[in-house]
Amino acid sequence: MNENSTVRLASVKLLETMSNNLKDKTVKELEQIIAGLGQKKYLAKYIFQFIHAENVTEISQITPLSKAFREKLIKNDYHISQLNILNKLTDKDGTIKYVFGLDNGNRVETVLLLDGKRRTLCVSTQAGCKMGCEFCATGKIKFRRNLSAGEIADQVNIVQKGTGKISNIVYMGMGEPLENYEPVVKSVQILNDPAGRNIGIRHITVSTCGIAPAIKKLAYEKLHPRLAISLNAPTNELRTSLMPINKKYPIARLLEAVRIYQFKVKERVTFEYVMIKGINDSLLHAGQLVKLLRAVKCNVNLIEYNPHGGCKYKGSGRDTISRFAEVIEEAGIENTIRLKKGSSICAACGQLGANLNNISSTGDKHTA
Ligand code: SF4
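What the sequence shown shows, in this note's numbering, is residues 81 to 448, in sequence order.
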């Protein structure tokens, strides 16, 4: 057997193994598995609850199931996956970044942001990213693979177990969530399910760089998380220079998809605008942004750019951001200035993955 066929066989095996991972399943899917094994469907709730609320990692620990049935599940290659914490770093502002290990040495980062009672977890959906946004450290990492629904939910399970109840989830970590559509949608269902984490759908935000067809598809799902669009520029020319995806789905197409989502969901959409010094932060840009978003029911998040090693951009600075905010405020567009959080541990927006290659230790590491 040559090297290529060995790799192919390994990937097929991996897919097979993942499909037997009970952590990837919704209650409905578990019911189908259980019925297929000749058991009563109501047992699915116990399995889901033990995995997603009790954090068990062994089928043998799901005690409401009979011993014989637990053994049957194991014999049929069912299992419960778990991410490993490879590293944990804490910023002086309280932000915590987790580095999680996947199979084959792949890693993803997850960030816990604290703001009073609000405990927001920023989860990753892909190891690496294909989108190549110019300002983003993750965009510089080679795309490795999509995360499964269970791996996305597990970031919440593990952080919550270690630190307490997570109040909000934002899909703004490594990767483009809507490029990993099915597992992302399924993970939203899993995290929202009252038998598991029971996180309210209005407390879950999915962010996208602008995959217009997937936004429209999301509008027709049963569950509608909040939607955030990483916009970052008011014109196609500038946006394409910062975000290559804009070539495929230019601003007009993106806004059309947003309008469809809003029509179905009747909720305000958030536009993220990373403020980069001398690139997208002039008063002219602010005026162009007003023109673009005046008719959209939205909130604009202005985020000071967080540089990472080797990047050519700088953050705009507070004064520039405040002047920019005044222009859009005067036009009646709601906006929020987002302060930098976790920048000393490369946990801020656009910095994830910036130093993944330097992490080799296991256990906690704190920077203050
Ligand atoms: S900003 Fe998001 S979509 Fe763009 S490269 Fe970074 S992770 Fe990918």
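All residues carry an ideal CB built from backbone N, CA and C; glycine is no exception.
What you are looking at is a predicted structure, and each value in this text was computed from that prediction instead of being measured.
Residue from the options whose Cα sits closest to the Cα of residue i
| i | options | result |
| --- | --- | --- |
| Ala233 | Val250, Lys222, Gly422 and Arg225 | Val250 |
| Ile417 | Phe223, Ile340 and Leu382 | Leu382 |
| Ile160 | Lys172, Gly422, Gln141 and Ile176 | Gln141 |
| Lys53 | Gly116, Lys296 and Phe128 | Summary: the structure shown does not reach residue 53, with the chain confined to residues 81 through 448, and so no result is reported for it. |
| Ala366 | Lys392, Tyr341, Glu410 and Arg339 | Glu410 |
| Ser402 | Leu307, Asn415 and Gly390 | Asn415 |
| Tyr393 | Asn360, Asn260 and Gly196 | Asn360 |
| Leu271 | Glu256, Leu123, Lys297 and Gln240 | Gln240 |
C-beta contact flag for residue i and residue j at 7 angstroms
| i | j | result |
| --- | --- | --- |
| Phe149 | Gln119 | yes |
| Leu363 | Val407 | yes |
| Ser321 | Lys357 | no |
| Ile131 | Lys103 | yes |
| Pro305 | Val286 | yes |
| Met254 | Thr218 | yes |
| Asn379 | Lys420 | no |
| Asn260 | Gln342 | no |
| Val191 | Cys202 | yes |
| Cys209 | Met323 | no |
Proximity test, residue i beta-carbon vs the ligand SF4 heavy atom, cut-off 6 angstroms
| i | result |
| --- | --- |
| Met211 | yes |
| Glu352 | no |
| Glu259 | no |
| Thr218 | yes |
| Glu189 | no |
| Cys391 | no |
| Glu214 | no |
| Cys378 | no |
| Cys289 | yes |
| Glu111 | no |
| Glu256 | yes |
For residue i, the three-state DSSP class (helix, strand or coil)
| i | result |
| --- | --- |
| Tyr353 | strand |
| Ser440 | Because the pLDDT at Ser440 is just 35, under 50, the model does not fix this residue reliably, and the value given afterwards should be weighed accordingly. Residue state, collapsed to three classes: coil. |
| Glu414 | strand |
| Asp361 | coil |
| Ser310 | strand |
| Asn272 | helix |
| Asn100 | coil |
| Gln206 | strand |
| Leu145 | coil |
| Arg319 | helix |
| Gly397 | coil |
| Leu89 | Unreliable placement is indicated for Leu89, whose pLDDT of 46 sits below 50; no coordinate value is reported for it. |
| Leu432 | coil |
| Arg150 | helix |
| His132 | helix |
Residues sharing a beta bridge with residue i, DSSP
| i | result |
| --- | --- |
| Phe180 | Ile165 and Val188 |
| Tyr251 | Val286 |
| Leu382 | Tyr353 and Ile417 |
| His159 | Asn101 |
| Thr175 | For Thr175, which the question treats as bridged, DSSP gives no partner whatsoever. |
| Asn226 | Gln206 |
| Arg199 | Leu194 |
| Thr170 | Ile176 |
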